[in-house]
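Protein chains in written order, with the numbering used here: chain A, 2 to 628; chain B, 2 to 628.
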């Protein structure tokens with residue numbers, strides 16, 4: 002790039018003007034969108050893309066490229082305009098923004114090769130950027146990570162979770178910029194243009210905080226220089242800007258958020274005003290796009306996983322699936338350097354402390370901050386890691402909106418939630434996940450697994466690691482007996498028929514702890530000469546529709562599900578949906594009310610999911626059939 | 002209380018010792034729990050309950066009482082011990098902590114009259130405390146709100162959302178205390194005993210931050226004095242403490258989180274050590290419990306709502322349900338002073354700006370911080386307000402863990418989520434709620450409503466306001482025609498049959514925007530002489546099981562659901578579960594994949610939930626029936 006700022010600055014200024022014009026054209030063509038949110042950050046984008054970042058517009062996925070995350074996703078048009086300006090694609094594509102036939106969506110998604118994670122839910126991009134920066138450390142790459150936030154966005158708690166983790170992890174390869182234009186969607190932001198409010202928060206959270214005029218290109222370049230030379234802490238550049246900058250009639254005006262200029266006169270006047278702002282560039286101009294520094298082609302060896310030894314449990318031994326999970330990710334981490342683990346200060350309950358001990362450099366502690374844990378996992382996964390993020394299943398709901406955005410990103414995060422259901426016992430309902438299956442099953446692209454013993458837990462961990470897209474594993478607190486031999490095989494979308502005979506009167510389908518209640522019910526009913534089929538439904542999504550239908554056909558259509566989960570959205574609904582088109586219905590046994598503290602076995606009984614309740618349900622169904 | 006500190010301090014010290022002993026006994030008896038987390042905060046609890054707060058142990062719900070929220074809910078035993086010490090109940094009850102027959106659960110829940118909201122998911126209590134403090138302002142009461150946090154908890158982003166809102170709202174009637182014992186569950190906390198880390202964060206966020214020795218009763222009382230005399234900002238007392246304080250063998254030791262002393266020798270030694278710490282109190286002691294200052298009996302008039310006028314819409318007019326919602330809460334607010342509204346900077350999209358205009362003193366702006374918005378609503382509801390908290394439905398998922406804890410609290414928050422589904426159009430998937438129904442339906446005690454027109458929206462808003470417990474209303478972005486007359490009546494748990502004849506071949510069940518797709522399908526099929534029944538399922542939970550079964554029976558068992566939501570957890574599952582025991586199955590039409598940007602009508606078509614898809618499904622079912 003031109004080292005002479007007398008050439009560089011006017012050239013960047015012209016690019017900023019062009020990006021403003023492009024943002025207006027794109028949104029006016031669609032008739033929707035956020036042009037004024039783009040205009041405030043145009044100078045920053047020009048500086049970042051054409052005088053700071055090292056990347057190859059034609060190879061955006063290069064693992065050594067600097068990364069840019071647009072945390073304020075509603076400014077998507079200017080992100081697209083910057084990539085078009087860099088030569089990644091033709092500028093004419095910008096007129097298709099928000100069209101159903103274009104991947105240039107209203108908010109950025111990874112349908113576009115230069116987008117790592119979907120943004121548009123505020124406060125998430127900076128969490129992903131933490132993971133992207135950690136990934137550079139993991140692979141030993143000098144790439145830097147840039148993330149641009151809105152000022153309104155800074156009210157999101159997740160931003161401050163990211164602030165803590167970024168500082169604790171001393172991520173000096175991370176540079177954030179806040180576009181402080183002072184206006185939110187519906188009114189002035191919390192702190193308007195009082196930059197000191199931002200400065201003292203970010204300083205207090207341990208970041209290098211730099212306050213600048215966000216329309217002064219010299220100041221922007223200077224701050225980026227300072228960030229690059231800062232060691233031991235991440236940098237936050239706080240840029241004072243004007244929303245709608247460049248078009249006087251909308252500059253700093255409330256009521257212009259998310260509003261396109263009307264195509265025709267209104268748009269034409271705005272663009273004409275901007276065109277007046279092009280400035281002459283000395284020395285015949287500077288084609289900055291052609292001078293973007295490209296990273297060296299990656300010479301990194303491909304990380305091929307080594308083989309993993311089979312499980313080594315003993316049938317009948319008592320092992321909690323949460324503990325088997327912890328042991329399994331250690332083995333996986335031994336075999337594959339891409340495997341990393343993230344914790345939220347419960348590693349001794351989820352047994353990820355085993356992974357920390359084995360692979361301390363690939364273990365990321367987030368303290369009690371589930372949003373940044375999941376967001377960081379999204380960033381890590383987007384850059385090629387295989388991140389297992391784990392806490393109590395109920396506390397993963399803290400990151401539900403991240404779970405949702407990970408679905409939209411279709412990014413390979415591997416979540417594991419321990420302490421599912423009333424079987425945790427005395428800690429009471431606040432620690433019991435009873436709606437987690439509903440949360441993950443609702444998303445159309447999550448793999449949802451729920452092992453009942455140590456062998457299946459270990460096998461399924463290995464499968465979920467290499468299953469494309471996001472995945473969730475539910476584990477349990479109580480110890481359960483090992484029921485599968487070490488050479489048993491499992492598959493995503495499979496199930497196991499644990500008991501069957503030709504004369505079964507019903508099929509009882511459980512998962513996790515309820516598999517053992519079903520087996521107890523089987524034993525009791527057997528004594529009464531009432532044979533039942535028992536299924537371990539360890540894969541909820543995808544689900545083995547054919548096997549369920551076959552079991553229904555073989556057992557008089559009598560399907561009973563039993564789950565340590567509330568009635569809606571869990572195992573019962575999953576099975577019901579799978580068999581509906583064959584005309585079968587499901588009798589659901591589930592937790593029907595808010596539970597309370599007590600001993601695990603007392604709670605299974607009291608909240609209706611114990612063996613006794615299964616026995617009762619089978620007998621009732623049998624009577625109805627007879628009747 | 003004794004004004005002479007030479008008497009007061011030793012008396013408080015003895016209470017602190019007693020609370021430590023009680024916490025140990027309670028947890029040892031259960032064999033589970035967090036005694037060391039109680040012991041660090043015993044001196045603070047003694048000072049708060051026996052020298053600071055104004056409350057009546059026998060009438061904990063008195064609306065003029067000072068409030069105490071235990072944000073670090075795992076320290077429940079010492080909360081219970083303090084109330085027992087105050088005379089609220091007999092100390093012997095403490096030995097039943099965590100027993101299935103006792104309401105003294107592992108973490109506090111409002112089954113206990115002195116608990117406003119359930120805690121145990123960290124970072125939520127302080128959000129509820131914001132709402133409780135706002136409520137004092139709403140009713141004009143001098144009561145003060147105290148909230149005690151753990152230091153590990155301070156990593157939760159929701160804490161910093163609360164910090165911002167508390168400062169912006171200048172809540173000087175709110176005093177928070179952080180028990181900085183330096184140890185989390187699995188390791189040292191992020192900042193260990195570096196109190197300056199806390200001090201500079203809270204100061205930066207606009208709070209009066211006071212750093213003290215949390216075992217120095219003079220210092221604690223002094224800080225509480227300072228907090229009480231501070232105006233214009235809330236206070237955060239940062240108390241340096243020792244986890245396990247009082248029992249040398251566990252003081253400041255890692256590995257003792259959530260671990261009870263073993264009953265027998267281990268417990269006896271610990272208690273004996275504590276008993277040595279009782280000190281003589283001059284002047285023959287001081288019965289501090291009997292001197293707790295009680296609030297005056299409330300002379301507040303009961304807030305009786307005035308009658309609300311019927312809706313005044315015109316059949317056929319185009320009105321978005323989100324807009325009707327905004328208008329409805331204004332009318333409700335006119336009639337009932339308990340009605341308040343909370344926003345997260347989208348008031349111009351959710352139309353709560355109408356409420357702000359009409360009732361500015363009962364409108365609480367949280368900026369883009371959904372967790373504190375919902376948490377604050379929980380606090381307001383617990384103190385008698387009727388809080389409507391509103392944002393885009395997809396962004397309410399940000400507060401999913403609060404939604405969960407509100408279920409456990411069974412507290413009357415009224416949530417409304419706008420911009421549901423693909424029908425929002427161009428903004429794309431990040432702004433589309435497609436899993437919200439699954440989230441609320443999973444909880445066993447949420448009322449879930451989904452109106453399709455302005456009249457039903459207004460009527461249902463009024464019903465949800467007075468329905469006990471938590472409730473959710475889903476609203477839509479597009480304008481839809483008014484189809485109900487202004488005198489139409491609705492009920493929680495009801496539905497409307499919009500089209501029917503004796504020869505209907507199938508029942509199509511929609512809600513919200515899909516009601517209109519179903520009506521279009523009806524018209525097209527009618528031209529082809531294929532009559533269908535059309536149902537508006539405006540109440541999803543509870544659901545009108547009988548009416549659905551009747552419709553199934555009347556239409557050959559052919560039930561088709563159609564929803565602007567993913568397939569799992571929504572309308573299809575709700576109907577399927579309702580009719581399952583009668584042997585009916587449901588054919589579900591729902592959004593089956595991650596959607597994208599586009600025009601609303603294009604997206605309904607592309608993602609399979611338009612009238613054309615309904616027509617196709619009806620014809621297929623009909624063929625199958627014939628076949």
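All residues carry an ideal CB built from backbone N, CA and C; glycine is no exception.
| task | Name the residue from A/579, A/560, A/584, A/14 whose alpha carbon lies nearest to the alpha carbon of residue 289 of chain A. | result | Counting from one through the first chain, the residue named residue 289 of chain A turns up at place 288. Taking each of A/579, A/560, A/584, A/14 in turn and checking the Cα distance to residue 289 of chain A, the smallest one comes out for A/14.
Check: Under 7 angstroms Cβ-Cβ, which residues of chain B neighbour residue 159 of chain A?
Finding: Here residue 159 of chain A refers to the residue found at position 158 of the first chain. Counting only Cβ-Cβ distances below 7 angstroms, residue 159 of chain A has contacts in chain B at 158, in chain order.
Practice task
Please state whether DSSP places residue 388 of chain B in a helix, a strand or coil.
Solution key: Here residue 388 of chain B is taken as the residue at index 387 of the second chain, counted from 1. The answer is strand: DSSP assigns residue 388 of chain B an E or B state.
>> Just to confirm before moving on: does the CB-CB distance between residue 424 of chain A and residue 605 of chain A stay below 8 angstroms?
In response: By one-based count along the first chain, residue 424 of chain A stands at place 423. By one-based count along the first chain, residue 605 of chain A stands at place 604. A distance below 8 angstroms separates the beta carbons of residue 424 of chain A and residue 605 of chain A.
### Task
Rounded to whole angstroms, what's the CA-CA distance from residue 439 of chain A to residue 336 of chain B? Just pull it up for me.
In the first chain, the residue the question calls residue 439 of chain A occupies position 438. In the second chain, the residue the question calls residue 336 of chain B occupies position 335. Residue 439 of chain A and residue 336 of chain B: Cα-Cα distance of roughly 38 angstroms.
For residue 274 of chain A, which residues from the same chain have a beta carbon less than 6 angstroms from its beta carbon, with the 5 sequence-adjacent residues on both sides left out? Within the first chain, residue 274 of chain A is the residue found at index 273, counting from 1. Sequence-distant partners of residue 274 of chain A (beyond 5 residues in either direction) whose C-beta falls short of 6 angstroms from its own C-beta, in its chain, are 248.
Please say whether residue 471 of chain A and residue 413 of chain A have beta carbons closer to each other than 8 angstroms? Residue 413 of chain A sits at position 412 when you count from the first residue of the first chain. Residue 471 of chain A sits at position 470 when you count from the first residue of the first chain. Yes, the Cβ-Cβ distance between residue 413 of chain A and residue 471 of chain A is below 8 angstroms.
Practice task
Return the residues of the segment 600-628 of chain A that lie within a Cβ-Cβ distance of less than 9 angstroms from chain B, sorted by chain order.
Solution key: If the cut-off is 9 angstroms between Cβ atoms, the segment 600-628 of chain A has 600, 603, 604, 607 near chain B.
- Query: Buried or exposed: where does residue 134 of chain B fall if 16 or more other Cβ atoms within 10 Å of its Cβ makes it buried?
  - Reply: Looking up residue 134 of chain B in the second chain gives position 133. Residue 134 of chain B should be labelled buried.
inquiry  = If I measure Cβ to Cβ from residue 113 of chain A and keep anything under 6 angstroms in the same chain, skipping five residues before and after, which residues do I get?
reply    = The sequence position of residue 113 of chain A within the first chain is 112, counting from 1. 104, listed in sequence order.
- 8 angstroms Cβ cutoff, residue 578 of chain B in contact with chain A: By 1-based counting over the second chain, the position of residue 578 of chain B is 577. It does; some Cβ of chain A falls within 8 angstroms.
Run down chain A in chain order and give the residues with a C-beta less than 7 angstroms from the C-beta of residue 445 of chain B.
-> Locating residue 445 of chain B in the second chain gives position 444, where the first residue counts as 1. When 7 angstroms is used as the limit between beta carbons, residue 445 of chain B is near these residues of chain A: 567, 593, 594, 595, in chain order.
* Are any of the Cβ atoms in chain A nearer than 8 angstroms to that of residue 72 of chain B? -> The residue given as residue 72 of chain B occupies position 71 in the second chain. Closer than 8 angstroms to the CB of residue 72 of chain B there is not a single CB belonging to chain A.
Segments assigned alpha helix (DSSP H), at least 4 residues, entirely inside the segment 399-440 of chain A: Complete alpha helix (DSSP H) runs here, min 4: 401-410.
- Query: How many angstroms separate the CA atom of residue 447 of chain B from the CA atom of residue 588 of chain B?
  - Reply: Taking the first residue of the second chain as position 1, residue 447 of chain B is located at position 446. Taking the first residue of the second chain as position 1, residue 588 of chain B is located at position 587. About 25 angstroms.
- Report the rounded CA-to-CA distance for residue 287 of chain B versus residue 226 of chain B, giving the unit in angstroms. Taking the second chain and counting its residues from 1, the one referred to as residue 287 of chain B is at position 286. Taking the second chain and counting its residues from 1, the one referred to as residue 226 of chain B is at position 225. About 21 angstroms.
Exercise. For residue 34 of chain B, which of B/572, B/77, B/442 has the nearest alpha-carbon?
Worked result: Walking along the second chain from the start, residue 34 of chain B turns up at place 33. Residue 34 of chain B has its Cα closest to that of B/77, out of B/572, B/77, B/442.
Apply the 10 Å Cβ neighbour rule to residue 317 of chain A and answer buried if 16 or more other Cβ atoms are within range, or exposed otherwise. The residue labelled residue 317 of chain A in the question sits at position 316 within the first chain. Looking at its Cβ environment, which holds fewer than 16 other Cβ atoms inside 10 Å, residue 317 of chain A is exposed.
Residues in the segment 110-129 of chain B with C-beta within 8 angstroms of chain A's C-beta atoms, listed in sequence order? Under the 8 angstroms Cβ criterion, the segment 110-129 of chain B contributes 110, 112, 119, 120, 121, 122, 123, 124.
Assign residue 468 of chain A to one of three DSSP states: helix, strand, or coil. On the first chain, position 467 is the one that residue 468 of chain A refers to. Correct three-state label for residue 468 of chain A: coil.
Practice prompt. Would you kindly check if the distance between the Cβ of residue 244 of chain B and the Cβ of residue 150 of chain B is under 8 angstroms?
Written response: In the second chain, residue 150 of chain B corresponds to position 149, counting from 1. In the second chain, residue 244 of chain B corresponds to position 243, counting from 1. In this structure, the beta-carbon distance from residue 150 of chain B to residue 244 of chain B does not fall below 8 angstroms.
Between the segment 422-441 of chain A and chain B, which residues of the former have CB atoms less than 7 angstroms from a CB of the latter, in chain order? The segment 422-441 of chain A vs chain B, Cβ under 7 angstroms: 427, 428, 429, 430, 431, 432, 436, 439, 440.
By the DSSP assignment, the alpha helix (DSSP H) with residue 19 of chain B in it spans what residues? Here residue 19 of chain B refers to the residue found at position 18 of the second chain. From DSSP, the alpha helix (DSSP H) with residue 19 of chain B extends over 6-31.
At a Cβ cut of 9 angstroms, what residues of the segment 302-334 of chain A count as close to chain B, listed as they run along the chain? If the cut-off is 9 angstroms between Cβ atoms, the segment 302-334 of chain A has nothing near chain B.
>> Can you list, in chain order, the residues of its chain with a C-beta nearer than 8 angstroms to that of residue 593 of chain A? Leave out the 5 residues immediately preceding and following it.
In response: As a working note, residue 593 of chain A is residue 592 in the first chain. Leaving aside the five residues that flank residue 593 of chain A on each side, the residues in its chain whose CB is nearer than 8 angstroms to its CB run, in chain order, 567, 568, 608, 609.
field: Among B/16, B/442, B/296, nearest to residue 145 of chain B - alpha-carbon criterion
entry: As a working mapping, residue 145 of chain B is identified with position 144 in the second chain. Minimum Cα distance to residue 145 of chain B is reached at B/296.
Notebook entry, point to check: Can you tell me whether residue 403 of chain A is buried or exposed, with buried defined as 16 or more other CB within 10 angstroms of its CB?
Noted result: By one-based count along the first chain, residue 403 of chain A stands at place 402. The residue is buried, with at least 16 neighbouring Cβ atoms inside 10 Å.
- Task: Locate the beta strand (DSSP E) running through residue 366 of chain B, then write down its first and last residues.
- Result: Here the question's residue 366 of chain B lines up with position 365 in the second chain. Residue 366 of chain B -> beta strand (DSSP E) spans 364-366.
| Got a sec: is the Cβ-Cβ distance from residue 182 of chain B to anything in chain A below 8 angstroms? | Against the second chain, residue 182 of chain B aligns to sequence position 181. By this cut-off, residue 182 of chain B is not an interface position.
_Within 8 angstroms of any Cβ in chain B, is that where the Cβ of residue 413 of chain A sits?_
Position 412 of the first chain holds residue 413 of chain A. Interface residue (Cβ-Cβ distance to chain B less than 8 angstroms): residue 413 of chain A is not classified as such.
Practice task
Check residue 485 of chain B in the structure and name its three-state DSSP category.
Solution key: Taking the second chain and counting its residues from 1, the one referred to as residue 485 of chain B is at position 484. Looking at residue 485 of chain B - three-state DSSP - the assignment turns out to be coil, as it is neither helix nor strand.
Determine whether the beta carbon atoms of residue 45 of chain B and residue 215 of chain B lie at a separation below 8 angstroms. Taking the first residue of the second chain as 1, we reach residue 45 of chain B at position 44. Taking the first residue of the second chain as 1, we reach residue 215 of chain B at position 214. Judged by their CB atoms, residue 45 of chain B and residue 215 of chain B are nearer to each other than the 8 angstroms cut-off.
Cβ closer than 8 angstroms: which chain A residues qualify as neighbours of residue 405 of chain B? Start at 1 with the first residue of the second chain, and residue 405 of chain B comes out as number 404. Result: 395, 398, 436.
Inset, instruction - Can you give me the Cβ contacts of residue 363 of chain B inside the same chain, cut-off strictly under 6 angstroms, excluding the 5 residues immediately before and after it? - result: Mapped onto the second chain, residue 363 of chain B falls at position 362. Counting only residues of its own chain and dropping the five nearest sequence neighbours on each side, residue 363 of chain B has a CB closer than 6 angstroms to the CB of 341.
So does the segment 391-408 of chain B actually touch the segment 346-364 of chain B, counting three or more Cβ pairs closer than 8 angstroms?
The answer is yes - the segment 346-364 of chain B touches the segment 391-408 of chain B, with three or more Cβ pairs under 8 angstroms.
Do you know offhand how far residue 490 of chain B's Cα is from residue 325 of chain B's? Start at 1 with the first residue of the second chain, and residue 490 of chain B comes out as number 489. Start at 1 with the first residue of the second chain, and residue 325 of chain B comes out as number 324. Spanning the two alpha carbons is a distance of roughly 16 angstroms.
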